[in-house]
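Right, one structure below, let's go through it.
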Amino acid sequence: MVVFEQGEIGKPLACSGHVSTDIWEFTEDARDELFQNEISGARFHTGGPGSADHPFYKDEVISNVIDRVGLDKHLAGLARDTGADVREEHSVVGVTEDRDGVTVAVRGDDGVETHRAKMVAGCDGPKSRVRRELDLPEPDELLHGVLGFSDEVDHSDFVDVHLTVPRFFAWRIPRGEAGVEYGLAVPPGDDARGRFEEFVDGYGVETDRRCSGLIPIGPPKRVTGRRSFLVGDAAAQTKPFTGGGIRYGMTAADHAAREIDPEEPATLGEYERAWRDDLRQEIRLGHAVRAGYSAPEPIQKAGMKAFEGEIGVHMDRPTTLFSREQLAALFSRS
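In terms of the UniProt record's numbering, the sequence shown opens at residue 1 and continues consecutively.
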């Protein structure tokens, strides 16, 4: 197996490092290397920095903050350990598929080279070249996200979420000794950078390291071709209510590894069914949660006031809104 990476593994950074503790199911041996901070709750605001907040929390760790670049490098190392030929600074410039396989054109240091394979996996992000070359459907939506980092040391265990941008939110995430992450995402056409400047100014901080990227929301109806399949951001396998895609992408990748046989193109359909059966309800409910971001502010405040306090919800699984743990947490406050 050959893996082509457009630039250097993990760079440029375009993704938050706030993840559920489920991440260690995939990378348990790298916890000491990647871990930065523990999170047990979130303060939701309908206004900017300094506004009243509504806390949601558990009496246990909900999520971790990790070295996001380090995660990519670790996963690339695992791929190499299993025999994959990982080639950095190689850009895919063309993909064609036929009855017997795929042809991939790649530009590297020595110019354009052509590779022949039985299948191609497009794990190449929101603006997937594989997806576009093969005329696979586009995601429903692409948000524009901006991240910035400050050097302030913060070991606190709450993130802050501000419902102050159109159809999404802004955030502040403490990363322990690694500083603090600030970010937001907005729909296309909105002024992401201007809103970000206003947001960090409200906190009175300077962010000397910034990055931006697209966040795909809403998987297309099909993420497979004749001899091709998409995984992760390329397939918009993300949480509609946060934009995060690490856990969902890894889940889909596991299904791809189990279901797809390069010798049998028909197994691509098994992959389509498997990942959708696993994530369909979570994504559907995630859209419903996100719809609340656009509700009138009085309704937002009333809803958060009613549900604030201890929760029993898993940050990657909206279906846990109806779990025994969540119902027990609600009734304990009544």
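Cβ coordinates follow ideal geometry from the N, Cα and C atoms, glycine included.
For Gly111 and Leu142, the rounded distance between their alpha carbons
On the sequence shown, position 142 is the one that residue 142 refers to. On the sequence shown, position 111 is the one that residue 111 refers to. Computed Cα separation, rounded: 32 angstroms.
Would you mind stating whether Ile215 and Ala185 have Cβ atoms separated by less than 8 angstroms?
For the purposes of this step, residue 215 is identified with residue 215 of the sequence shown, where counting begins at 1. For the purposes of this step, residue 185 is identified with residue 185 of the sequence shown, where counting begins at 1. Taking a C-beta distance under 8 angstroms as the contact criterion, Ile215 and Ala185 qualify as a contact pair.
For Gly204 and Glu198, I'd like the C-alpha separation in whole angstroms.
As a first step, residue 204 is located in the sequence shown; it is residue number 204 there, counting from the start. As a first step, residue 198 is located in the sequence shown; it is residue number 198 there, counting from the start. Cα to Cα, the separation comes out at about 10 angstroms.
Expressed to the nearest angstrom, what Euclidean distance is found between the alpha-carbon atoms of Leu230 and Gly145?
Along the sequence shown, one-based indexing puts residue 230 at 230. Along the sequence shown, one-based indexing puts residue 145 at 145. One C-alpha to the other measures close to 22 angstroms.
Arg167 and Val65 closer than 8 angstroms at C-beta
Taking the first residue of the sequence shown as 1, we reach residue 167 at position 167. Taking the first residue of the sequence shown as 1, we reach residue 65 at position 65. Taking 8 angstroms as the Cβ cut-off, Arg167 and Val65 do not qualify as a contacting pair.
What ranges does the alpha helix (DSSP H) occupy inside the region 178-233, keeping only unbroken runs of at least 4 residues that lie completely in it?
192-203
To which residues of the same chain is Ser63 closer than 7 angstroms at the C-beta, ignoring the five residues directly before and after it?
Mapped onto the sequence shown, residue 63 falls at position 63. Closer than 7 angstroms at the Cβ level, and outside the excluded window around Ser63, lie His18, Val19, Ser20, Thr21, Ile39, Met315.
According to the Cβ coordinates, are Arg227 and Val102 closer than 8 angstroms?
Against the sequence shown, residue 227 aligns to sequence position 227. Against the sequence shown, residue 102 aligns to sequence position 102. Yes, the Cβ-Cβ distance between Arg227 and Val102 is below 8 angstroms.
Report the option in Thr27, Tyr271, Thr46, Gly225 whose CA atom is closest to the CA atom of Arg99.
Counting from one through the sequence shown, the residue named residue 99 turns up at place 99. Checked all of Thr27, Tyr271, Thr46, Gly225; the closest Cα to Arg99 is Gly225.
The region 28-42 in contact with the region 64-78 per 3-pair CB rule at 8 angstroms:
yes
7 angstroms CB neighbourhood of Tyr248 in its chain, flanking five on each side removed:
For the purposes of this step, residue 248 is taken as the residue at position 248 of the sequence shown. So the qualifying residues of the chain are Gln237, Thr238, Lys239, Leu279.
Which same chain residues end up closer than 8 angstroms to Asp287 when comparing Cβ atoms and leaving out the 5 residues on each side of it in sequence?
As a position in the sequence shown, residue 287 is number 287, starting the count at 1. The sequence shown places His at residue 287, rather than the Asp named in the question. Result list for His287: Gly218, Pro240, Phe241, in chain order.
State whether the region 40-56 contacts the region 290-306, with contact taken as three or more CB pairs (one from each stretch) at a distance under 8 angstroms.
Touching, yes, given that three or more Cβ pairs across the two stretches are closer than 8 angstroms.
Can you tell which of Phe307, Asp109, Gly213, Asp154 has the C-alpha that lies nearest to the C-alpha of Gly183?
Here residue 183 is taken as the residue at index 183 of the sequence shown, counted from 1. In terms of CA proximity to Gly183, Gly213 leads the group Phe307, Asp109, Gly213, Asp154.
Could you give the uninterrupted runs of the beta strand (DSSP E) lying entirely in the region 50-90, keeping only those of 3 residues or more?
54-57, 63-66, 85-87
Distance, Cα to Cα, Ser51 vs Arg43?
On the sequence shown, residue 51 is found 51 positions in, with the first residue counted as 1. On the sequence shown, residue 43 is found 43 positions in, with the first residue counted as 1. Taking the straight line from one Cα to the other gives about 11 angstroms.
Select from Val161, Gln6, Arg284, Glu28 the residue whose C-alpha is nearest the C-alpha of Asp109.
Position 109 of the sequence shown, counting from 1, holds the residue named residue 109. Cα-wise, what sits closest to Asp109 is Gln6.
Expressed to the nearest angstrom, what Euclidean distance is found between the alpha-carbon atoms of His255 and Lys58?
The residue you call residue 255 lines up with position 255 of the sequence shown. The residue you call residue 58 lines up with position 58 of the sequence shown. One C-alpha to the other measures close to 31 angstroms.
Name the DSSP bridge partner or partners of Gly245?
For this step, residue 245 is matched to residue 245 along the sequence shown. For Gly245, which the question treats as bridged, DSSP gives no partner whatsoever.
I'd like to check one pair, Arg195 with Leu147: are the Cβ atoms closer than 8 angstroms?
Numbered from its first residue, the sequence shown carries residue 147 at position 147. Numbered from its first residue, the sequence shown carries residue 195 at position 195. For Leu147 and Arg195, no; Cβs fall outside 8 angstroms.
Taking Cβ to Cβ, would you say Arg87 is nearer than 8 angstroms to Val2?
The count along the sequence shown starts at 1 and reaches residue 87 at position 87. The count along the sequence shown starts at 1 and reaches residue 2 at position 2. Yes, the pair counts as a contact, with Cβ atoms nearer than the cut-off.
Less than 8 angstroms between the C-beta atoms of Ile9 and Lys73, yes or no?
On the sequence shown, residue 9 is found 9 positions in, with the first residue counted as 1. On the sequence shown, residue 73 is found 73 positions in, with the first residue counted as 1. Going by C-beta atoms, Ile9 is nearer than 8 angstroms to Lys73.
Taking the alpha carbon of residue 335 as the reference point, which residue from Phe4, Phe322, Met304 has its own alpha carbon closest?
The chain is shown only over 1 to 334; residue 335 falls outside these bounds and no answer can be derived.
Limits of the alpha helix (DSSP H) - the one that Pro298 falls within:
The residue you call residue 298 lines up with position 298 of the sequence shown. Counting along the chain, the alpha helix (DSSP H) containing Pro298 begins and ends at 297-307.
Using 8 angstroms for Cβ pairs, my map puts Thr207 next to Ser150. What's the rounded Cβ distance?
Position 207 of the sequence shown, counted from the first residue, corresponds to residue 207. Position 150 of the sequence shown, counted from the first residue, corresponds to residue 150. With 8 angstroms as the limit, Thr207 and Ser150 qualify as a contact, their Cβ atoms being about 5 angstroms apart.
Whole-angstrom distance between Ala306 and Ala328, CA atom to CA atom:
Here residue 328 refers to the residue found at position 328 of the sequence shown. Here residue 306 refers to the residue found at position 306 of the sequence shown. Straight-line Cα distance between these residues: approximately 15 angstroms.
With a threshold of 16 other CB atoms inside 10 Å of the CB of Ala291, please say whether the residue is buried or exposed.
Position 291 of the sequence shown, counted from the start, is the residue given in the question as residue 291. Ala291 should be labelled exposed.
When you compare only the Cα positions, how much space is there between Gln326 and Val104?
Position 326 of the sequence shown, counted from the start, is the residue given in the question as residue 326. Position 104 of the sequence shown, counted from the start, is the residue given in the question as residue 104. Taking the straight line joining both Cα atoms gives about 48 angstroms.
Closest to Trp24 by CA distance: which of Leu71, Ala178, Asp53 is it?
Taking the first residue of the sequence shown as 1, we reach residue 24 at position 24. Checked all of Leu71, Ala178, Asp53; the closest Cα to Trp24 is Leu71.
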